[in-house]
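Participant:
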Amino acid sequence: MLPRPYIRALTTLYLRYRQVVAGSRRNQLLLAALLLFFLFTTLRFSHGIIVPPQPPHRKQEAWPSPPTYTELWEFEKNLPQHNLDLPFPEGKTGRYVKFSNQANRLGWNNCFNEILMNTHLAYMSKRAYVFSSYQWALPHYRWPPNERLAEQPVTPLNALISGPSVGGPWDEGDDAPRSVSEEWWEVVCPESERRKVNTNEIKPYINTAEGDKIFEYWQKFLMDAPERCIEVVPADYNVDNFSQVFDLWLWGSTRIISLWDSFSKSPASRLLETSPIVESAVVRNKHRFLPRGPKAGPRDPFQRMLAMHIRRGDYKKSCEALSSFGSTFYSWDLLPSLPDVFTPLPEGHPDRIARAMEHCSPGTDAILKKVRDARADYLHASQGHSQTLDVLYILTNEHDEWLDELEVVFRKDGWATIVTSHDLQLDSEQTEVSGAVDMDIARRAAVFIGNGWSSFTSNIVHRRLVDGKLPISIRFY
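Here the sequence shown stands for residues 3 to 479, numbered as in the numbering used here.
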């Protein structure tokens, strides 16, 4: 059956010309020809089903089936530290901490920053961090319900990241215990040997403290506790609806900044790596970023790339709520060394929401201006070095005509190579972690423009700064 918009359009066209062709066989044939022309120029056939046309560069394709990750599950199961006979601080005499209060079934980046900080806390407490699989928030999962392999989809953490948080080694000579999987925790820390600590036993004493003080309090507790196996469990939702050790109220305030120095230098940050699946996706699509402009410059396309994060659609309502609440930027987007600072207007100010929306949900003109300014500032700061920015990568969840129009604007502004998230070719495993693929491309880009309220942006900022990227290369709308 034809989609309703096309039925309405065909009906309108018929009614418009019906009086003109009345009584004329020739004109009736002409009307039929016009209707057929309209049909075949506005629809296309796919596997025998008529579907609306798509822009050529974003042609709708059948997605692969969800991946099983059989080899990756086996890899995690057989990590070398999963061995009871290993000497202290691993094996059956080792010390472990599992954060069962850790956020899950949220967007990946809300979980990601907590995973890294909990790894840092476990490391500084001389305990092995226990990692779990990533449980998807269903609205963010890539496959429809009828194609899912499980009612609650999970992805092995090693598909998304590599490094100490998911069982990778620490620095050479570092005798810290390596992270273990949740499955191994069940073996090495049986229920009878666990001490369960409810967050409500600790958090009320430090709820509004600076981030470094919260960290030190938990670190001392975990160091001093004599039990081998500590499980941090969440308080009842009615008592604390954000019962994480490092909760939303901390991540969304300037109190988090006091943790930056130790966290950014921690091996949990320094040794964080791109997963092989994400790396393979970046390599597979690297040719799409090759410059098509006339200027000479670096051979590596990422060195001449400006990447920008544009989230639209569902995010507009989030922006409205954040603006109304008077929220600051999120997490590492608040670092004072970064060039773009946002200070909310006071409550009751008539322009409070409008001003915040300009930064959280910018229009085309504002985006264009920010790209121009960011490029000019970066090239100015790079004087004396051979620098060119002529590759534009747009990380986005936008699909509609607005994105096509935005590309036209940037092509007119001189960008010869423009690629979006939707242009990448990904296999089944890469598709499931496509958000991490976007993040890794943005991490490598010479310049990145992000949304200051976004955890996605914040985690890119973290990796760029740990990689040694200059603050002038990190901008916000």
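Cβ atoms here follow ideal geometry from the backbone N, Cα and C, with glycine treated the same way.
#1: Below 8 Å, how does it come out for the region 444-453 and the region 304-313: are there three or more Cβ pairs, yes or no?
#2: Indicate the three-state DSSP secondary structure (helix, strand or coil) for L381 in the structure shown.
#3: Where S135 and K205 are concerned, what is the direct C-alpha to C-alpha distance, given to the nearest angstrom?
#4: Please report the distance separating the alpha-carbon of T459 from that of D87.
#5: Mind checking who A130 pairs with in its DSSP beta bridge?
#6: Could you tell me if A24 is buried or exposed, where buried requires 16 or more neighbouring beta carbons within 10 angstroms of its beta carbon?
#7: Over what stretch of residues does the alpha helix (DSSP H) that includes L467 continue unbroken?
#8: Provide the residue(s) that pair with R290 in DSSP beta bridges, ordered along the chain.
#9: So the candidates are A358, K288, I208; which of them puts its Cα closest to the Cα of K319?
#10: V234 and E184 - do their beta-carbons sit closer together than 8 Å?
#11: Does the beta-carbon distance from G380 to S475 come in below 8 Å?
#12: Could I get the ranges of all uninterrupted alpha helix (DSSP H) runs contained in the region 210-236, with 4 residues as the minimum, in chain order?
#13: Residues in its own chain within less than 6 Å of A283 by CB, not counting five upstream and five downstream?
#14: Note down, in chain order, each residue of its chain lying with its Cβ closer than 6 Å to the Cβ of P300, except the 5 sequence neighbours on either side.
#15: Under 8 Å between the Cβ atoms of S457 and G109?
#16: Sort out for me which residues DSSP pairs S164 with in a bridge.
#17: With respect to the alpha helix (DSSP H) encompassing T433, which residues constitute its N-terminal and C-terminal limits?
#18: Determine, using beta carbons only, whether P269 and W187 come nearer to each other than 8 Å.
#19: On the CB-based measure, 16 or more other CB atoms within 10 Å of its CB, does G416 come out buried or exposed?
#20: So for P341, helix, strand or coil by DSSP?
#21: Taking the alpha-carbon of M441 as reference, which of T345, L162, F331 has the nearest alpha-carbon?
#22: Contact criterion: CB-CB distance below 8 Å. Does E212 meet it with respect to chain D?
#23: Spell out a yes or no on whether the region 116-127 and the region 216-233 are touching, meaning 3 or more CB-CB pairs, one atom from each, closer than 8 Å.
#24: Alpha carbon to alpha carbon, how far is H351 from F412?
#25: Between the C-alpha atoms of R445 and F304, what's the straight-line distance to the nearest angstrom?
#26: Any idea what DSSP makes of I208, helix, strand or coil?
#27: Nearest-angstrom Cα distance between E92 and R272?
#28: Kindly indicate the opening and closing residues of the alpha helix (DSSP H) around H361.
#29: Can you list, in chain order, the stretches of the alpha helix (DSSP H) that have 4 or more residues and sit fully within the region 395-457?
#30: Select from K215, R197, D335 the residue whose C-alpha is nearest the C-alpha of Y98.
#31: Among all the DSSP beta bridges, which residues are the ones paired with K2?
#32: On the premise that E275 lies in contact with S436, defined as a C-beta separation below 8 Å, what is that separation, rounded to the nearest angstrom?
#33: In angstroms, rounded to a whole number, what distance separates the CA positions of R313 and G175?
#34: Starting from the C-beta of G254, find all residues in its chain whose C-beta is less than 6 Å away, skip the five residues before and the five after it, and write them out in chain order.
#35: Would you kindly work out how many angstroms separate the C-alpha atoms of L324 and N111, rounded to a whole number?
#36: Need the endpoints of the alpha helix (DSSP H) that A323 sits in, please.
Facilitator: Let me lay it out:
#1: yes
#2: Counting from one through the sequence shown, the residue named residue 381 turns up at place 379. Looking at L381 - three-state DSSP - the assignment turns out to be helix.
#3: Position 133 of the sequence shown holds residue 135. Position 203 of the sequence shown holds residue 205. Their Cα atoms are separated by approximately 26 Å.
#4: In the sequence shown, the residue the question calls residue 459 occupies position 457. In the sequence shown, the residue the question calls residue 87 occupies position 85. The straight-line gap from Cα to Cα measures roughly 42 Å.
#5: The residue labelled residue 130 in the question sits at position 128 within the sequence shown. According to DSSP, which records beta bridges pairwise, A130 is partnered with Y98.
#6: For this step, residue 24 is matched to residue 22 along the sequence shown. The predicted model places A24 with a pLDDT of 43, which falls under 50 and marks its position as unreliable; any figure quoted below should be read in that light. A24 is exposed by the Cβ-count criterion.
#7: Along the sequence shown, read from residue 1 onward, the residue named residue 467 stands at position 465. Counting along the chain, the alpha helix (DSSP H) containing L467 begins and ends at 457-468.
#8: Position 288 of the sequence shown holds residue 290. Its beta-bridge partners do not exist; DSSP assigns none.
#9: Residue mapping note: residue 319 aligns to position 317 of the sequence shown, counting from 1. K319 has its Cα closest to that of A358, out of A358, K288, I208.
#10: Residue mapping note: residue 184 aligns to position 182 of the sequence shown, counting from 1. Residue mapping note: residue 234 aligns to position 232 of the sequence shown, counting from 1. Not in contact: E184 and V234 (Cβ atoms no closer than 8 Å).
#11: The residue given as residue 380 occupies position 378 in the sequence shown. The residue given as residue 475 occupies position 473 in the sequence shown. Note that residue 380 is Tyr in the sequence shown here, rather than Gly. The answer is yes: Cβ separation under 8 Å.
#12: 213-226
#13: As a first step, residue 283 must be located in the sequence shown, where it is residue number 281. Same-chain partners within the cutoff: L428, Q432, V439.
#14: In the sequence shown, residue 300 corresponds to position 298, counting from 1. R306.
#15: By one-based count along the sequence shown, residue 457 stands at place 455. By one-based count along the sequence shown, residue 109 stands at place 107. Contact flag set, yes.
#16: Position 162 of the sequence shown, counted from the first residue, corresponds to residue 164. Looking at the DSSP assignment, S164 forms a beta bridge with E275.
#17: As a position in the sequence shown, residue 433 is number 431, starting the count at 1. From DSSP, the alpha helix (DSSP H) with T433 extends over 430-434.
#18: As a working mapping, residue 269 is identified with position 267 in the sequence shown. As a working mapping, residue 187 is identified with position 185 in the sequence shown. For P269 and W187, no; Cβs fall outside 8 Å.
#19: Along the sequence shown, one-based indexing puts residue 416 at 414. G416 comes out exposed.
#20: Translated into positions along the sequence shown, residue 341 becomes position 339. Of the three classes helix, strand and coil, the one that applies to P341 here is coil, per DSSP.
#21: What you label residue 441 is simply residue 439 of the sequence shown in a count that begins at 1. Minimum Cα distance to M441 is reached at L162.
#22: Within the model displayed, chain D is absent; a lone protein chain is all it includes.
#23: yes
#24: Numbered from 1 along the sequence shown, position 349 holds the residue referred to as residue 351. Numbered from 1 along the sequence shown, position 410 holds the residue referred to as residue 412. Answer to the nearest angstrom: the Cα atoms are 35 Å apart.
#25: The residue given as residue 445 occupies position 443 in the sequence shown. The residue given as residue 304 occupies position 302 in the sequence shown. Going by the C-alpha atoms only, they are around 9 Å apart.
#26: Here the question's residue 208 lines up with position 206 in the sequence shown. Here I208 sits in coil by DSSP.
#27: The residue you call residue 92 lines up with position 90 of the sequence shown. The residue you call residue 272 lines up with position 270 of the sequence shown. Cα to Cα, E92 sits roughly 22 Å from R272.
#28: Taking the sequence shown and counting its residues from 1, one reaches residue 361 at position 359. Element bounds for H361: 354-362.
#29: 403-414, 430-434, 436-446
#30: The residue you call residue 98 lines up with position 96 of the sequence shown. Comparing Cα positions, the closest option is R197.
#31: In this structure the chain extends from 3 to 479, so residue 2 is not present and cannot be described.
#32: The count along the sequence shown starts at 1 and reaches residue 436 at position 434. The count along the sequence shown starts at 1 and reaches residue 275 at position 273. Rounded, the Cβ-Cβ distance is 18 Å, inconsistent with contact.
#33: Sequence index remark: in the sequence shown, residue 313 carries index 311 (1-based). Sequence index remark: in the sequence shown, residue 175 carries index 173 (1-based). Cα-Cα distance, rounded: 43 Å.
#34: Taking the first residue of the sequence shown as position 1, residue 254 is located at position 252. Excluding residues within five positions, the ones whose Cβ falls inside 6 Å are Y332.
#35: Within the sequence shown, residue 324 is the residue found at index 322, counting from 1. Within the sequence shown, residue 111 is the residue found at index 109, counting from 1. Distance between the alpha carbons of L324 and N111 is about 18 Å.
#36: Here residue 323 refers to the residue found at position 321 of the sequence shown. It spans 317-327 - the alpha helix (DSSP H) in which A323 sits, taken as one unbroken run.
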